[in-house]
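Asker: Let me give you the structure first, and then I'll get to my questions.
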Amino acid sequence: PWGKRRPYLFGGAIIAVPSLGALHWASRNKNLGWYSAFFLLAMLSLNVMYTAYSGALTDLVNEKQRGIANGLMGAFSVLGASAGFGCFSTFLELSTSYPLFATMLSIVVLISLWAYTEETPAMRRERRKRRHIDDDLDDDESHFMDTDDEEEDWTWKEIRQCYWIDRSEHYDFYLVFVSRTLYYMGISAQTFMLFYFRDVIRSTEEGNGNAKADVSNLALIGQLTGGIVCIPMGLLSDRLGRKVLIYLSSLTLAVSYCGLAFIARDMKGALLFGAIYGIGNGTYLSVDYALACDTLPSKEKAARYLGIWGVGAFIGTLFGPLLIGPALILFGDRGVRDPISGVAEYAIPGYIAILMIGSACILFGAFLVSFIRSTT
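Dropping the structure here:
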């Protein structure tokens, strides 16, 4: 009776909230084994909720408003991240973050379950019956419509197919998936920003501040500028199309990477190009979901395909550092070690290499988008 999406929102929350509480317990007791187990459980349940949430948006938003809806989604995501950065950099301790997150998650899930009214299987059958009666369909077709929503047992083969995109049949969606994976591989260069501030900006030297604080400031600036552009860019994508904003965002990100690699050598320069990065990232976030919805192979199976689309971000985030990290060592390691800690210090050519690889991944992803045929 709850519909297609809400059971997964509720079920995911039932597992996620206690898991977050257990993470708090494991963290306080420094129990790595239990922490790892509950972390895995929390991530699985949160991703179940995310998939249902993504599918719900396709149910609620019509095609003409996808851009502005994506812009709002991107803006709230960025502003939420900014609020998190702000809390952690001012008053929030790690020990109190778990119960706070669990409380906020409980509140927003309850609000979503109350506000989101979806069509139940019984309601769909009734609507389809009325439609087919109006069309004077024969008895066989009416009987088919009575039974089309009955649940079927899933086979392992069907479950495996859920993780597969037929490139020949769903070519456009396949390109969107690969492009998104490359995008997240490219932005994974930010993983090494702490080292960048230590070795290039020299944040750890006397009078230059603290590298961790400088990275937090950079992230906060990027999130704020991204949040500002998300909504107008999402609205613009409804008028100009999605692809042109993908090109614009990718070019902006490449410019910010080039600035960090070749120009920025102090905190002001780093923050300037961090703000430019935020604009590019915000522009991309304002359109990527809408582009995925425009190319969905099946609107009825939106949650399944958007789940695959979401996996692209995890793959890119996983393999990006594996590609970029060795380049930092290969081009930047000059054998210099910190005299106290013994940690390696990397030369500027190493950071140029990782930022250029990141730019190449992002730009190649945008290039693939140009081959999409089903949307502009």
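First residue of the sequence shown: 10, per this note's numbering; consecutive thereafter. Heads up, the beta-carbon is just placed ideally off N, CA and C, and yes, glycines get one too.
I'd like the span of the beta strand (DSSP E) that includes A353, first residue to last.
Answerer: Position 344 of the sequence shown holds residue 353. Looking at the DSSP string, the run of the beta strand (DSSP E) that includes A353 is 353 to 355.
Asker: Return the residue from the list S86, I196, K73, Q74 that minimises the CA-CA distance to V264.
Answerer: For the purposes of this step, residue 264 is identified with residue 255 of the sequence shown, where counting begins at 1. Checking every option, the nearest Cα to that of V264 belongs to I196.
Asker: Which value, in whole angstroms, describes the spacing of the CA atoms of V209 and A90?
Answerer: Taking the first residue of the sequence shown as 1, we reach residue 209 at position 200. Taking the first residue of the sequence shown as 1, we reach residue 90 at position 81. C-alpha separation (whole angstroms): 26 Å.
Asker: Secondary structure at R343, three-state DSSP: helix, strand or coil?
Answerer: Stepping through the sequence shown from its first residue, residue 343 is reached at position 334. The answer is strand: DSSP assigns R343 an E or B state.
Asker: Less than 7 Å between C-beta atoms, sequence neighbours within five positions excluded: which residues of the same chain meet that for G278?
Answerer: In the sequence shown, the residue the question calls residue 278 occupies position 269. Once the five neighbours on either side are set aside, the close Cβ partners of G278 are I272.
Asker: With H, G and I counted as helix, E and B as strand and the rest as coil, what does DSSP make of I272?
Answerer: Here the question's residue 272 lines up with position 263 in the sequence shown. Looking at I272 - three-state DSSP - the assignment turns out to be coil, as it is neither helix nor strand.
Asker: Taking the alpha-carbon positions, what's the A61 to S307 distance?
Answerer: For this step, residue 61 is matched to residue 52 along the sequence shown. For this step, residue 307 is matched to residue 298 along the sequence shown. Between A61 and S307, the C-alpha separation is close to 16 Å.
Asker: Under 8 Å by Cβ, that's how I've got Y192 and G341 pegged, so tell me the actual separation to the nearest angstrom.
Answerer: In the sequence shown, residue 192 corresponds to position 183, counting from 1. In the sequence shown, residue 341 corresponds to position 332, counting from 1. So it is not a contact: roughly 24 Å between Cβ atoms.
Asker: Measuring only the C-alpha atoms, how far is N40 from L53?
Answerer: Counting from 1 along the sequence shown, the entry for residue 40 is found at position 31. Counting from 1 along the sequence shown, the entry for residue 53 is found at position 44. C-alpha separation (whole angstroms): 20 Å.
Asker: Considering just the uninterrupted stretch of the alpha helix (DSSP H) at G243, what are its terminal residues?
Answerer: Position 234 of the sequence shown holds residue 243. Residues 220 to 249.
Asker: In whole angstroms, what separates the C-alpha of P16 from that of I23?
Answerer: For the purposes of this step, residue 16 is taken as the residue at position 7 of the sequence shown. For the purposes of this step, residue 23 is taken as the residue at position 14 of the sequence shown. C-alpha separation (whole angstroms): 10 Å.
Asker: How far does the alpha helix (DSSP H) with S121 in it extend, from its first residue to its last?
Answerer: As a working note, residue 121 is residue 112 in the sequence shown. Note, S121: alpha helix (DSSP H), 103 to 124.
Asker: Could you give the C-beta distance for V253 and I381, rounded to a whole number, given that I count them as a contact under 8 Å?
Answerer: Numbered from its first residue, the sequence shown carries residue 253 at position 244. Numbered from its first residue, the sequence shown carries residue 381 at position 372. At roughly 12 Å, the Cβ-Cβ gap does not stay under 8 Å, so V253 and I381 are not in contact.
Asker: A270 and L364: beta carbons closer than 9 Å?
Answerer: Translated into positions along the sequence shown, residue 270 becomes position 261. Translated into positions along the sequence shown, residue 364 becomes position 355. Against a cut-off of 9 Å, the Cβ pair of L364 and A270 comes out as a contact.
Asker: Would you mind stating whether A84 and L66 have Cβ atoms separated by less than 9 Å?
Answerer: The count along the sequence shown starts at 1 and reaches residue 84 at position 75. The count along the sequence shown starts at 1 and reaches residue 66 at position 57. The answer is no: Cβ separation not under 9 Å.
Asker: Can you list, in chain order, the residues of its chain with a C-beta nearer than 6 Å to that of V378? Leave out the 5 residues immediately preceding and following it.
Answerer: Within the sequence shown, numbered from 1, the residue matching residue 378 stands at position 369. Excluding positions up to five away in sequence, the list reads S188, K252, I255.
Asker: Do V26 and G235 have their C-beta atoms within less than 9 Å of each other?
Answerer: Numbered from 1 along the sequence shown, position 17 holds the residue referred to as residue 26. Numbered from 1 along the sequence shown, position 226 holds the residue referred to as residue 235. Not a contact, by the Cβ cut-off of 9 Å.
Asker: Within 8 Å, do at least three Cβ pairs link the region 224 to 232 to the region 317 to 331?
Answerer: No contact exists between the region 317 to 331 and the region 224 to 232.
Asker: Going by C-alpha to C-alpha distance, which of G325, I317, I371 sits closest to F182?
Answerer: Here residue 182 is taken as the residue at index 173 of the sequence shown, counted from 1. Per the Cα distances, I317.
Asker: Using three-state DSSP, classify G12 as helix, strand or coil.
Answerer: Within the sequence shown, numbered from 1, the residue matching residue 12 stands at position 3. It is coil, neither helix nor strand.
Asker: Report the residue from L245, I285, N219, D275 whose alpha carbon sits nearest the alpha carbon of G76.
Answerer: Numbered from its first residue, the sequence shown carries residue 76 at position 67. Cα-wise, what sits closest to G76 is L245.
Asker: Are A312 and K73 close, meaning C-beta to C-beta below 9 Å?
Answerer: For the purposes of this step, residue 312 is identified with residue 303 of the sequence shown, where counting begins at 1. For the purposes of this step, residue 73 is identified with residue 64 of the sequence shown, where counting begins at 1. It is not a contact, given that the beta carbons lie outside the stated cut-off.
Asker: Taking C-alpha atoms, which residue in D297, S106, D275 lies nearest to T384?
Answerer: Position 375 of the sequence shown holds residue 384. Cα-wise, what sits closest to T384 is D297.
Asker: Hey, does P306 have any beta-carbon neighbour from chain B nearer than 9 Å?
Answerer: Protein chain content of the structure displayed is limited to a single chain, and chain B is not contained in it.
Asker: According to the neighbour-count rule (16 or more other Cβ atoms, all chains shown, within 10 Å of its Cβ), is M194 buried or exposed?
Answerer: In the sequence shown, counting from the first residue as 1, residue 194 sits at position 185. So M194 ends up on the buried side.
Asker: Does DSSP put R313 in a helix, a strand or coil?
Answerer: Here the question's residue 313 lines up with position 304 in the sequence shown. Correct three-state label for R313: helix.
Asker: Given a cut-off of 9 Å on the beta-carbon distance, is the pair P108 and L29 in contact?
Answerer: Residue 108 sits at position 99 when you count from the first residue of the sequence shown. Residue 29 sits at position 20 when you count from the first residue of the sequence shown. Yes. Within cutoff.
Asker: If we count the other Cβ atoms within 10 Å of its Cβ and call it buried at 16 or more, is E159 buried or exposed?
Answerer: Sequence index remark: in the sequence shown, residue 159 carries index 150 (1-based). With a pLDDT of only 44 at E159, under 50, the local geometry of the prediction cannot be trusted, and no value is derived from it.
Asker: Terminal residues of the continuous alpha helix (DSSP H) containing W173?
Answerer: Within the sequence shown, the letter at position 164 stands for residue 173. Looking at the DSSP string, W173 is not in any alpha helix (DSSP H), and its letter there is neither H nor E.
Asker: Would you decide whether L337 is buried or exposed? Buried here means 16 or more other CB atoms lie within 10 Å of its CB.
Answerer: On the sequence shown, position 328 is the one that residue 337 refers to. Its Cβ being crowded by 16 or more others within 10 Å, L337 is buried.
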